[in-house]
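Protein chains in written order, with my numbering: chain W, 80 to 220; chain X, 80 to 220; chain Y, 541 to 1005; chain R, 541 to 1005.
We treat Cβ as the ideally placed atom computed from N, Cα and C, and that holds for glycine.
What you are looking at is a predicted structure, and each value in this text was computed from that prediction instead of being measured.
Encoded as structure tokens, the structure appears first; notes follow it.
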Amino acid sequence: MDQTLQKALDQLDQASAAVRLAVQNLANAPGGAEAAGDTAHALSGGTIDPFVFRFAIFVLAIFVGYYVVWSVTPALHTPLMAVTNAISSVIVVGALLAVGIAASGIAAGFGFVALMLVSVNIFGGFLVTQRMLAMYKKKDK
Amino acid sequence: MDQTLQKALDQLDQASAAVRLAVQNLANAPGGAEAAGDTAHALSGGTIDPFVFRFAIFVLAIFVGYYVVWSVTPALHTPLMAVTNAISSVIVVGALLAVGIAASGIAAGFGFVALMLVSVNIFGGFLVTQRMLAMYKKKDK
Amino acid sequence: MNANFASFLYLVSGVLFIMALRGLSHPTTSRQGNLYGMIGMGIAITTTLALATPSAGRFGLIVLGLAIGGGVGAVTARRIAMTSMPQLVAAFHSLVGLAAVMVAAAAIYAPESFGIGTAGDIHAQALIEMSLGVAIGAITFTGSVIAFLKLDGRMSGKPITIGGRHFINAALGIALIVLIVLLVTSESKLIFWLIVAASLVLGILLIIPIGGADMPVVVSMLNSYSGWAAAALGFTLGNLALIITGALVGSSGAILSYIMCKGMNRSFISVILGGFGGETTAAADDGIERTVKQGSADDAAYLMMNAQKVIIVPGYGMAVAQAQHALREMADKLKANGVDVKYAIHPVAGRMPGHMNVLLAEANVPYDEVFELEDINSEFAQADVAYVIGANDVTNPSARDDKSSPIYGMPILDVDKARTCLFVKRSLGSGYAGIDNTLFYKDGTMMLLGDAKKMTEEIVKAMDH
Amino acid sequence: MNANFASFLYLVSGVLFIMALRGLSHPTTSRQGNLYGMIGMGIAITTTLALATPSAGRFGLIVLGLAIGGGVGAVTARRIAMTSMPQLVAAFHSLVGLAAVMVAAAAIYAPESFGIGTAGDIHAQALIEMSLGVAIGAITFTGSVIAFLKLDGRMSGKPITIGGRHFINAALGIALIVLIVLLVTSESKLIFWLIVAASLVLGILLIIPIGGADMPVVVSMLNSYSGWAAAALGFTLGNLALIITGALVGSSGAILSYIMCKGMNRSFISVILGGFGGETTAAADDGIERTVKQGSADDAAYLMMNAQKVIIVPGYGMAVAQAQHALREMADKLKANGVDVKYAIHPVAGRMPGHMNVLLAEANVPYDEVFELEDINSEFAQADVAYVIGANDVTNPSARDDKSSPIYGMPILDVDKARTCLFVKRSLGSGYAGIDNTLFYKDGTMMLLGDAKKMTEEIVKAMDH
Ligand SMILES: NC(=O)c1ccc[n+]([C@@H]2O[C@H](COP(=O)([O-])OP(=O)(O)OC[C@H]3O[C@@H](n4cnc5c(N)ncnc54)[C@H](OP(=O)(O)O)[C@@H]3O)[C@@H](O)[C@H]2O)c1
Ligand SMILES: NC(=O)c1ccc[n+]([C@@H]2O[C@H](COP(=O)([O-])OP(=O)(O)OC[C@H]3O[C@@H](n4cnc5c(N)ncnc54)[C@H](OP(=O)(O)O)[C@@H]3O)[C@@H](O)[C@H]2O)c1
């Protein structure tokens, strides 16, 4: 009996070891699968870090900014300063996130301060731009 | 003895079942972890389909193209046609891929044809542009 | 090579292509720009090779393909006459179109290698992107072939209009959509080739009804198409260089088409619908007796040598006659005699945007003597002679005065404001738009009937007497 | 909300911001553009709320924050005088800078909520991006506060130069880099706040040595900084709207700084190094006796009423005196009398790009009577009177003729080419650049000494006689 038991327990040990191995394999599986797809995935972008994409977007946006700002008529350079200021307050998305879902109260607090500050900008910036632009008129004939 | 053995085997069964469960959990783990990060990841872009990024890049590149082409001087519109033609042969990357690593021979064959065709363009396009541009000269004083 | 780094390099090559186009904003920076373009292409090719790491045999194939194509391209680029540019560009577009089809076919036959799934299980998104790419590519291919044939005179420039073609085209368009849906659901190679076939036919049908003279707009439009095809395949392959370049080329072609249409004061739609401007028609014989003052080369030489200021207005006829070198010689003679000589270029003179500029540059005319319409139009009033060589429509005052004229509203060069207006052309026939030019019968006009090159050479000779 | 769809919406809002700037290419499209900007912001906010789905309590907080800030902003926007624009923009920048710091702080204190890792295990990349964002944000904050104080006259405009400041700045810069490295390795909150503190100090030290008059360049530069800070946080949050907008704002500020420096013919570096142009200095008394022809309002009224063409050249003094409304009245009187009146604006007239244009627009001067330097400079030769009101440097011929002048090479308005040149200012003192204007002593010049507004009003009265 003892022998059989011993055998059974050995079996158990072996089995669990085998399973442990399988688990390990499985845990590594995603990596393994990717390695298999290899250059293919690399070329298709399957494994590309989103940072690369964001960086590309950033670079192209700088080009767009360059051209779009040079095409602004000098007569509207003051409104341009006001409106770029207004749109830079899109940082409000970070503030909203902090106030909305931050797990820590202190983070939510920072977010609330940020939210108040940029709200001044959002409303102030767009409205003052609107006020300025409303003044630019053509000769009435 | 039989009893003990039975017990041991039962234990084995239970153990393997538990491990199977663990394995399953582990297999689902990546998905599960993502689900936990939830809105957080969503906001950080962790789960964003690369298509969205590519689309953003595409849209911004259209803006850049719009501005950069309008800024081309009319005197160089013919070279512009030649050079855009040359750069559109960047499709060569697809052809290289097909010839270089395509598992199927027929795919490699298609790739080879494509490669020959765009090579005409790459060399022809840039060289003819160069030839044209070399002709534009300032008055020599 | 690391995939992230590769993507970064593809971005770099995209940016270099942007810099290439940016360089064209001025002749002095343009050569540098072209160099950026070449470097960008080099980076894209090297990166792909480094990523794919092909076997030695495959690598040999690649080198072979590049060498064959590159050789043909290089020789063509060296040999081609500047006046054949429109044809050349059309021919090159067709290659890009066909290559796009081939690349898509390779992807369908070996999806694993392109990372878009496995045979029988290709991602639906990739299939959609690919079928868009292949359809646009195939249309670009046959469309460009037709454009090439028409521009090269190997096919009549006459618009070939088939009854009910709009209906046929619409039916083909719908069929294409249905086929794409079928491809996504079935992933059948047969359907893939049906898409290719339908698109090839559509490409032909779309372009044959368009007259030869409208081909430049078509070539530019097809340029735009080849860009969108590249971008679509860029999405499939997840390649940033392709996506960025596709968008650039797509915008570029569209803008040039727009510029041409605006310069002709026609709508893009009317060009695409076709049936306009086939062969040049003879002068309308409306029964009214009109007198024309005809002059000789000697008259012209005398007039210009005694002028203070001469403005040269080249047009399509100069390109046909290859008269640019003779013209430069004539201008040199005049300048040596103290005459102020300038060139005035209408935005749609010739048959391609910038057509006249490149020909004048070929004849070594410095680009700072060549002016655009807005910059020189006010100077005609102070000019003694306007020497109009092979241009017609771009001087036609009916665009300014006659509301019923088909070109009414198109900006024109005010050659009629010059003291004397010399017209070098072979007949009193009309130009591209097929309408009569009342300027020929005006008091201050003198017609120099003959081939542009021969006439100019005779004038040069007469100047030596 | 689906994360992909949200990203798409962020892209849409980025594109709307591009359209907002694009609209400013012409006054007629500019209002539409501003509307696009508002819609873009609305989409960004709504999308974020839909993604985050805050609890009712938190939602209340958000509404409260928006309401408080929005109220303050709206009231400020309505009340602010147009002449105070430079200050206002500086003040607004400081808010964006501080908000960037606060957002970064929130991210450090609750990394899970921002998806950048867990407390104690924040991704290194996110930490780097964040510390860049927070450093630039903090510099923007204190820098803008100083700029605001100087522009608003609450602090002396004199450059405050501390000995060895370049050394201190360099040391602070190095300290910042070390701190960022430490933050990435330790993730300590203390170090985060040290970064904030060092950047706040750096912001002050960078701006106080710059003279009040150079503040516009600084404001524009800080505008650019606020953009880069937003972009850096955009990388951390993986938010497309932030990345795109940050790049737009960053470019915009940099280009405006460049335009200003070029217009002043100074290098950006020399502006940033500071120590230039504090208070306006008195006319240099070089011992040479020079005669000045002084006139009265009656003289000026007589001269202008009998002129055919008058060109008005406004400058900083018009802004100080708020003379734009009186000026418009004067122009109306002249026009009613058949005089041709135009306004000529130098690119750096006033203290802010487009400063004069916005003031004239406020006084209902139609923008098609207002011309830029290149477009009107040739017309001074045909003008009977150039009415220079509160402008000085932008007319100084030493920029054209005197190679030793600090403003040599800066383009100027050729008011000296007009038959008579009227200068309205309070003294013979110099302007922003602190250099003497030889034009005051020229034959064709008549000085109208006095406040710009009062003098113009007197001229208007005199015209009624
Ligand atoms: N540039 C573009 O991008 C573009 C694109 C599409 C369409 N177009 C159209 O093309 C036209 C261009 O105007 P254009 O004034 O340059 O040309 P045009 O109006 O087409 O006139 C060309 C003239 O050249 C003459 N000609 C032809 N061969 C000649 C030769 N060997 N020697 C001397 N004269 C010769 C012809 O008259 P004879 O037959 O009497 O000799 C003809 O009237 C416009 O209508 C424009 O809308 C331009
Ligand atoms: N626009 C920009 O973006 C910008 C940015 C940075 C720097 N700047 C610089 O600012 C300068 C602008 O030139 P500018 O010609 O407009 O101005 P300016 O050269 O600074 O001259 C302004 C003149 O206005 C007079 N003034 C001041 N208050 C007055 C009042 N109440 N009534 C009448 N006159 C008054 C002053 O003379 P009195 O004291 O004798 O009255 C002064 O000479 C340039 O040097 C430019 O480089 C411009």
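The Cβ-Cβ distance between Ser167 (chain X) and Tyr649 (chain Y) does not fall below 7 Å. Met625 (chain R) sits away from Phe205 (chain W), with the two beta carbons spaced by 7 Å or more. Sequence-distant Cβ neighbours of Val905 (chain R) in its own chain, meaning closer than 6 Å and more than five residues away, are Arg868. Counting only the Cα atoms, Ala630 (chain Y) lies some 27 Å from Asp991 (chain Y). Rounded to whole angstroms, the gap between the alpha carbons of Gln627 (chain R) and Gly894 (chain R) is 15 Å. For Ile127 (chain X), the neighbours in chain R by C-beta distance under 8 Å run, in chain order, Ala543, Asn544, Ser547, Gly778.
The beta-carbon separation of Leu139 (chain X) and Ala174 (chain W), rounded to 25 Å, does not stay under the 8 Å limit for a contact. For the set Y:Ala753, Y:Phe632, Y:Leu716, Y:Ser810, the Cα lying nearest the Cα of Gly971 (chain Y) is the one of Y:Ala753. Checking the DSSP bridge columns, you'll see Glu902 (chain R) has no partner listed. Three or more Cβ pairs drawn from the region 869–880 of chain Y and the region 842–856 of chain Y lie within less than 8 Å of each other, which places the two stretches in contact. The beta carbon of Cys801 (chain R) sits closer than 7 Å to those of Val757, Ser807, Phe808, Val811, all from its chain and outside the five residues before and after it, given in chain order. Assignment of Val197 (chain W) by DSSP, reduced to helix, strand and coil, places it in the helix class. Between Gly144 (chain X) and Gly697 (chain Y) the beta-carbon gap is near 31 Å, outside 8 Å, which marks them as no contact. Lys957 (chain R) is positioned such that its CB atom lies closer than 7 Å to that of Phe920 (chain R). In the DSSP assignment, Ala664 (chain Y) falls outside any beta strand (DSSP E) and lies within the alpha helix (DSSP H) extending over 664–691.
Phe132 (chain W) is outside the set of residues whose beta carbon lies under 7 Å from a beta carbon in chain R. The beta carbon of Ala182 (chain X) falls within 7 Å of a beta carbon belonging to chain Y, placing the residue at that interface.
The C-beta of Ala135 (chain X) comes no closer than 7 Å to any C-beta of chain Y. Taking 7 Å as the threshold, the shortest C-beta distance from Val143 (chain X) to chain W falls below it.
According to the DSSP assignment, Tyr927 (chain Y) belongs to the beta strand (DSSP E) that extends over 925–929.
Boundaries around Phe545 (chain R) are those of the alpha helix (DSSP H), 543–563, since no beta strand (DSSP E) includes it. One finds nothing in chain R with a Cβ atom closer than 7 Å to the Cβ of Val172 (chain X); even the nearest lies about 25 Å away. Fully contained in the region 907–990 of chain R are the following beta strand (DSSP E) runs of length 3 or more, in chain order: 910–912, 925–929, 960–965, 985–989. Taking a C-beta cut-off of 7 Å against chain W, the contacting residues of the region 895–909 of chain R are His895, Asn897, Val898, Ala901, Glu902, Asn904, Pro906, Tyr907, Asp908, Glu909, listed in chain order. Listed in chain order, the non-local C-beta contacts of Leu745 (chain Y) below 8 Å within the same chain comprise Ile702, Arg705, Ile708, Asn709, Leu712, local neighbours out to five positions each way being set aside. Residue state for Ile750 (chain R) is assigned as coil, using DSSP reduced to three classes. Three or more beta-carbon pairs separated by less than 8 Å are not found between the region 713–725 of chain R and the region 780–794 of chain R, which leaves the two stretches without contact. Assignment of beta-bridge partners to Tyr146 (chain X) by DSSP yields no partner. The shortest C-alpha to C-alpha distance from Leu979 (chain R) to any of R:Val636, R:Tyr948, R:Ser671, R:Pro937 is the one to R:Pro937. For the region 552–578 of chain Y, the set of residues with a beta-carbon nearer than 7 Å to any beta-carbon of chain W comprises Val555, Ile558, in chain order. Residue burial is scored here from C-beta neighbours: Ala973 (chain Y) has at least 16 other C-beta atoms within 10 angstroms and is therefore classed as buried. Only buried fits Tyr550 (chain R), as 16 or more other CB atoms lie within 10 angstroms of its CB. Secondary structure note for Pro854 (chain R): its beta strand (DSSP E) is the uninterrupted segment 849–854. Boundaries of the alpha helix (DSSP H) around Tyr765 (chain R): 755–777. Selection R:Thr568, R:Ala738, R:Gln862 evaluated against Met622 (chain R) yields R:Gln862 as nearest (Cα-Cα).
Using a CB distance cut-off of 7 Å, Ala140 (chain W) counts as an interface residue toward chain X.
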